[in-house]
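> Pasting a structure below so you can have a look.
In our numbering, the protein residues as written are 201 to 961.
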């Protein structure tokens with residue numbers, strides 16, 4: 201510190217050595233240079249004014265200034281001084297001291313720069329800096345704090361009071377309590393509060409502060425920052441609302457999924473922990489208290505045959521982050537197997553990291569069962585269709601040569617010009633019998649196929665039982681007489697007179713039973729047909745024979761298709777499917793067919809059918825009015841017939857049968873093209889149309905004939921070896937007047953020709 205004295209009367213100054221050192225000069229080198237010349241030019245006027253103010257009595261000398269040393273070094277000096285006056289009050293002398301404040305000034309400058317940088321940083325961060333005197337409560341803050349509170353920036357006598365008035369009243373107690381706790385304790389002041397702006401808007405502020413204390417620990421002032429957290433609060437509020445909505449939605453989803461049988465599950469990808477909801481436990485048949493580490497147990501619940509696939513699919517989904525989608529069988533505690541479908545997605549955090557796998561599961565057993573049943577049904581339908589197509593082809597291929605065999609044997613029998621000798625007639629009878637047997641076999645196979653496919657259509661009506669029984673007896677009577685078999689017939693008083701049945705199919709059943717009774721009876725034996733009522737009031741028709749009888753083991757196999765019970769190598773012809781068809785027909789008519797037998801005594805077959813009232817409808821009357829076919833020559837039948845057929849044998853059979861109708865002229869055509877021409881030219885009364893021609897099928901040829909004015913009204917009858925129900929239905933739908941199947945039977949064929957020509961006249 202340097203001391204100086206300045207005599208104002210003489211202008212002389214006295215400095216000690218320290219003063220010269222402060223100015224960076226030696227005493228001898230300073231000379232007469234006045235001190236003001238060493239002061240920095242920017243500070244001279246201020247320093248001179250401070251000295252003059254002291255002389256004038258305005259203020260004591262107390263100033264700072266920079267000096268420039270001879271070597272150019274700049275130092276900061278502080279100066280303090282006082283004046284001495286004479287008796288008249290005139291200043292005669294100034295005495296003072298100077299000292300170097302360069303280091304403290306640099307520290308202050310650094311502090312100012314740091315404070316400025318801090319101010320800029322806090323402003324950039326949206327922080328409002330402030331401090332408040334602990335004793336006076338006087339507050340100083342930057343303008344940002346005022347804006348946060350919605351008040352104009354400026355100088356306020358009591359800034360805290362102004363700011364406090366904007367704070368939401370409900371938040372003030374907690375804010376003051378936090379301040380008290382920070383003042384009394386040794387922890388920072390932290391709080392959040394709301395401010396209400398003049399426009400009614402509300403901002404959320406967060407405040408942080410710390411007390412500066414003296415050596416005794418008493419608070420001096422608090423320094424702090426305040427920042428706006430409105431966006432964060434709003435985000436948190438929105439997040440809480442979203443979480444509440446999500447929880448409510450999740451709960452509703454759990455209720456909904458549980459109601460429809462969907463289970464929810466999740467896997468924590470960080471820990472591997474697996475969680476199930478209650479519905480998942482139900483799906484797997486496990487109580488929650490039975491479950492342990494599901495990550496390990498889950499695999500054990502899966503069917504052993506599906507575990508490897510499920511493990512592979514699960515690992516793939518976890519490794520790739522792709523959705524999980526699989527179905528698997530699971531085994532319940534009771535051993536039952538169910539099919540469950542599983543779907544899952546990977547959930548990611550904000551950084552895109554996989555955090556959990558969320559999934560659902562539901563029971564698809566019924567669907568899988570239905571799919572399996574549908575597949576089995578489709579397979580069965582395809583097999584049935586293939587079988588039907590095969591049988592149709594087989595029937596057609598067999599009926600075509602049979603038409604020639606049976607047709608020509610009938611022609612030989614009916615040939616009056618060249619009658620057969622007994623030996624020839626016997627041979628023809630044998631050929632014809634074999635042909636009819638083969639045709640019967642074909643028909644039975646087709647019947648069985650239709651029954652098994654559920655395609656057999658019955659025409660249920662009220663049938664007079666006695667008439668049907670008598671008709672059947674009449675049909676087997678000749679064969680019975682050849683074997684010296686007596687046929688007896690009885691009907692009790694309680695027996696129903698009528699049954700509910702398909703008349704044609706009922707005759708087929710009874711004829712099968714009677715034919716078997718004839719074939720398998722002993723020579724000179726007996727056949728009895730008894731009609732009675734059973735305990736349920738149904739009609740009970742029993743056919744008894746005196747044949748060898750059946751053992752219990754044979755009865756068990758009796759109704760199996762193609763099972764002749766060891767009679768295959770015997771002399772008696774048979775197919776082994778007649779009884780099978782009879783059983784199915786009776787069951788389709790709502791009845792039952794049973795058998796009782798005693799080896800060495802004979803067998804009895806019992807047909808039970810629903811009884812019906814004696815009322816007769818028109819359909820029943822029509823069915824009864826079947827007249828025997830006429831095979832005699834008739835000259836009264838007249839007309840022209842066109843037969844379109846490509847098989848010469850079939851044409852020859854028809855030509856020779858129509859020889860019994862000498863006044864019926866026959867035209868023939870061997871393909872569709874010539875048939876169309878001849879139909880237009882000859883204008884026949886009737887057209888017989890084969891359904892399979894080399895250049896056309898019967899239905900398309902019929903359509904062409906119907907489209908031409910000259911042939912559209914000529915009746916057409918389909919004639920074909922295709923005897924499947926679908927073939928017949930297709931022909932009738934196409935518009936054929938009738939449909940006749942091959943082989944042609946002479947009587948029905950001629951009767952059909954007679955009727956058709958009669959209608960065309």
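The beta carbon of each residue, even a glycine, is placed where N, CA and C say it ideally should be.
1) What's the C-alpha gap between residue 505 and residue 537?
2) With burial defined as no fewer than 16 other Cβ atoms inside 10 Å of the residue's Cβ, what is the status of residue 426: buried or exposed?
3) Determine the contact status of residue 889 and residue 846, defining contact as a CB-CB distance below 8 Å.
4) Could you check which residue in 337, 580, 930 has the C-alpha nearest to that of residue 420?
5) Kindly indicate the opening and closing residues of the alpha helix (DSSP H) around residue 349.
6) Return the CA-CA distance between residue 200 and residue 745, expressed in angstroms with no decimal places.
7) Please list the terminal residues of the continuous alpha helix (DSSP H) segment that includes residue 952.
8) Can you tell me whether DSSP reads residue 428 as helix, strand or coil?
9) Where does residue 267 fall in DSSP's three states?
10) For residue 951 and residue 576, I'd like the C-alpha separation in whole angstroms.
11) What would DSSP say about residue 308, mapped onto helix, strand or coil?
12) Please name the residue in 535, 700, 711, 270 whose C-alpha comes closest to that of residue 779.
13) For residue 824, collect the residues of the same chain with a Cβ closer than 6 Å to its Cβ; drop the 5 residues on either side in sequence, then sort them by chain order.
14) Comparing C-alpha positions only, which one of 901, 387, 368, 953 sits nearest to residue 394?
15) Closest to residue 414 by C-alpha separation, out of 422, 407, 842, would be which residue?
16) Once you ignore the five residues that flank residue 692 on each side, which residues in its own chain have a CB closer than 6 Å to its CB?
17) Rounded to a whole number of angstroms, what is the C-alpha to C-alpha distance between residue 645 and residue 595?
18) For residue 810 and residue 484, what's the separation of their Cα atoms in angstroms?
19) With distances taken Cα to Cα, identify the nearest neighbour of residue 530 among 960, 524, 521, 541.
20) Buried or exposed: residue 791, going by 16 or more other Cβ atoms within 10 Å of its Cβ?
21) Can you name, in chain order, every residue of its own chain whose Cβ lies under 8 Å from the Cβ of residue 547, other than the five neighbours on each side?
22) Please list, in chain order, all residues of the same chain as residue 783 whose beta carbon is under 8 Å from its beta carbon, the five residues on each side excluded.
23) Does DSSP classify residue 942 as helix, strand or coil?
24) Between the segment 721 to 737 and the segment 685 to 700, are three or more C-beta pairs nearer than 8 Å?
25) Could you check how far apart the C-beta atoms of residue 714 and residue 676 are, in whole angstroms? I think they sit under 8 Å.
26) With which residues is residue 298 paired in a DSSP beta bridge?
27) For residue 920 versus residue 891, is the C-beta distance shorter than 8 Å?
28) Using a 10 Å radius around the Cβ and a threshold of 16 neighbouring Cβ atoms, would you call residue 269 buried or exposed?
29) Near residue 800, what residues of its chain come up, given a Cβ to Cβ distance below 6 Å and the 5 sequence neighbours on each side ignored?
30) Using DSSP with H/G/I as helix, E/B as strand and the rest coil, what is residue 741?
31) Tell me whether residue 844 is buried or exposed, calling it buried when 16 or more other Cβ atoms sit within 10 Å of its Cβ.
32) Expressed to the nearest angstrom, what Euclidean distance is found between the alpha-carbon atoms of residue 286 and residue 253?
33) In this structure, how does DSSP classify residue 387 when only helix, strand and coil are distinguished?
34) In this structure, how does DSSP classify residue 376 when only helix, strand and coil are distinguished?
35) Looking only at DSSP bridge pairs, what is residue 916 linked to?
36) For residue 964, which option in 886, 865, 860, 901 has the closest C-alpha, if you only look at C-alpha atoms?
According to the data block:
1) Taking the chain shown and counting its residues from 1, one reaches residue 505 at position 305. Taking the chain shown and counting its residues from 1, one reaches residue 537 at position 337. So the two alpha carbons sit approximately 12 Å from each other.
2) Looking up residue 426 in the chain shown gives position 226. Residue 426 should be labelled buried.
3) Position 689 of the chain shown, counted from the start, is the residue given in the question as residue 889. Position 646 of the chain shown, counted from the start, is the residue given in the question as residue 846. Taking 8 Å as the cut-off, the beta carbon of residue 889 is found no closer than this to the beta carbon of residue 846.
4) Residue numbering aside, residue 420 sits at position 220 when the chain shown is read from its first letter. Residue 420 has its Cα closest to that of 337, out of 337, 580, 930.
5) Translated into the one-based positions of the chain shown, residue 349 becomes position 149. Per DSSP, residue 349 belongs to the alpha helix (DSSP H) from 343 to 349.
6) With the chain represented from 201 up to 961, any question about residue 200 goes unanswered, as that position is not in the structure.
7) Taking the chain shown and counting its residues from 1, the one referred to as residue 952 is at position 752. Unbroken alpha helix (DSSP H) run through residue 952: 946 to 960.
8) In the chain shown, counting from the first residue as 1, residue 428 sits at position 228. Collapsing the DSSP output to three states places residue 428 in a strand.
9) To locate residue 267, count along the chain shown from 1; it is residue 67. Judged by DSSP in its simplified three-state form, residue 267 adopts strand.
10) Here residue 951 refers to the residue found at position 751 when the chain shown is read from its first residue. Here residue 576 refers to the residue found at position 376 when the chain shown is read from its first residue. Counting only the Cα atoms, residue 576 lies some 47 Å from residue 951.
11) As a working mapping, residue 308 is identified with position 108 in the chain shown. Note: residue 308 maps to helix in three-state DSSP.
12) On the chain shown, residue 779 is found 579 positions in, with the first residue counted as 1. Out of 535, 700, 711, 270, 711 has the C-alpha closest to the C-alpha of residue 779.
13) The residue given as residue 824 occupies position 624 in the chain shown. Confidence is the limiting factor: at residue 824 the pLDDT is only 38, short of 50, which leaves the residue's position unreliable, though a coordinate-based value still follows. Result list for residue 824: empty, nothing under 6 Å.
14) Counting from 1 along the chain shown, the entry for residue 394 is found at position 194. Of the candidates 901, 387, 368, 953, the one whose C-alpha sits nearest the C-alpha of residue 394 is 368.
15) Here residue 414 refers to the residue found at position 214 when the chain shown is read from its first residue. Closest in C-alpha terms to residue 414, from the list 422, 407, 842, comes 422.
16) Your numbering for residue 692 matches position 492 in the chain shown. The beta carbon of residue 692 sits closer than 6 Å to those of 732, all from its chain and outside the five residues before and after it, given in chain order.
17) Here residue 645 refers to the residue found at position 445 of the chain shown. Here residue 595 refers to the residue found at position 395 of the chain shown. Rounded to the nearest angstrom, the two C-alpha atoms are 9 Å apart.
18) For the purposes of this step, residue 810 is taken as residue 610 along the chain shown, with counting starting at 1. For the purposes of this step, residue 484 is taken as residue 284 along the chain shown, with counting starting at 1. Rounded to the nearest angstrom, the two C-alpha atoms are 51 Å apart.
19) Stepping through the chain shown from its first residue, residue 530 is reached at position 330. From the listed residues 960, 524, 521, 541, the smallest Cα separation to residue 530 is found for 541.
20) Taking the chain shown and counting its residues from 1, one reaches residue 791 at position 591. Burial check for residue 791: the Cβ neighbour count within 10 Å reaches 16 or more, so the residue is buried.
21) Here residue 547 refers to the residue found at position 347 of the chain shown. 554, 555, 556, 557, 558.
22) Residue mapping note: residue 783 aligns to position 583 of the chain shown, counting from 1. Setting aside the 5 residues that flank it on each side, residue 783 is surrounded in the same chain by 759, 793, each with a C-beta closer than 8 Å to its C-beta; the list follows chain order.
23) Along the chain shown, one-based indexing puts residue 942 at 742. The answer is coil: DSSP assigns residue 942 none of H, G, I, E or B.
24) Judged by pairs of C-beta atoms under 8 Å, the segment 721 to 737 touches the segment 685 to 700, as three or more such pairs exist.
25) For the purposes of this step, residue 714 is taken as the residue at position 514 of the chain shown. For the purposes of this step, residue 676 is taken as the residue at position 476 of the chain shown. Going by Cβ atoms, the distance from residue 714 to residue 676 rounds to 5 Å, so yes, they are a contact pair.
26) If you number the chain shown from 1, residue 298 lands on position 98. In DSSP, residue 298 forms a bridge with 202, 279.
27) On the chain shown, position 720 is the one that residue 920 refers to. On the chain shown, position 691 is the one that residue 891 refers to. Going by C-beta atoms, residue 920 is nearer than 8 Å to residue 891.
28) On the chain shown, position 69 is the one that residue 269 refers to. For residue 269, the number of other beta carbons within 10 angstroms of its own is below 16, and it is reported as exposed.
29) Counting from 1 along the chain shown, the entry for residue 800 is found at position 600. So the list reads 749, once near-sequence residues are dropped.
30) Against the chain shown, residue 741 aligns to sequence position 541. Note: residue 741 maps to strand in three-state DSSP.
31) Within the chain shown, the letter at position 644 stands for residue 844. The residue is buried, with at least 16 neighbouring Cβ atoms inside 10 Å.
32) In the chain shown, counting from the first residue as 1, residue 286 sits at position 86. In the chain shown, counting from the first residue as 1, residue 253 sits at position 53. Cα-Cα distance, rounded: 18 Å.
33) Indexing the chain shown from 1 puts residue 387 at position 187. Residue 387 falls in the coil class under three-state DSSP.
34) Here residue 376 refers to the residue found at position 176 when the chain shown is read from its first residue. DSSP places residue 376 in helix when its eight states are reduced to three.
35) On the chain shown, residue 916 is found 716 positions in, with the first residue counted as 1. DSSP output for residue 916 lists 887 as bridge partner(s).
36) Summary: the structure shown does not reach residue 964, with the chain confined to residues 201 through 961, and so no result is reported for it.
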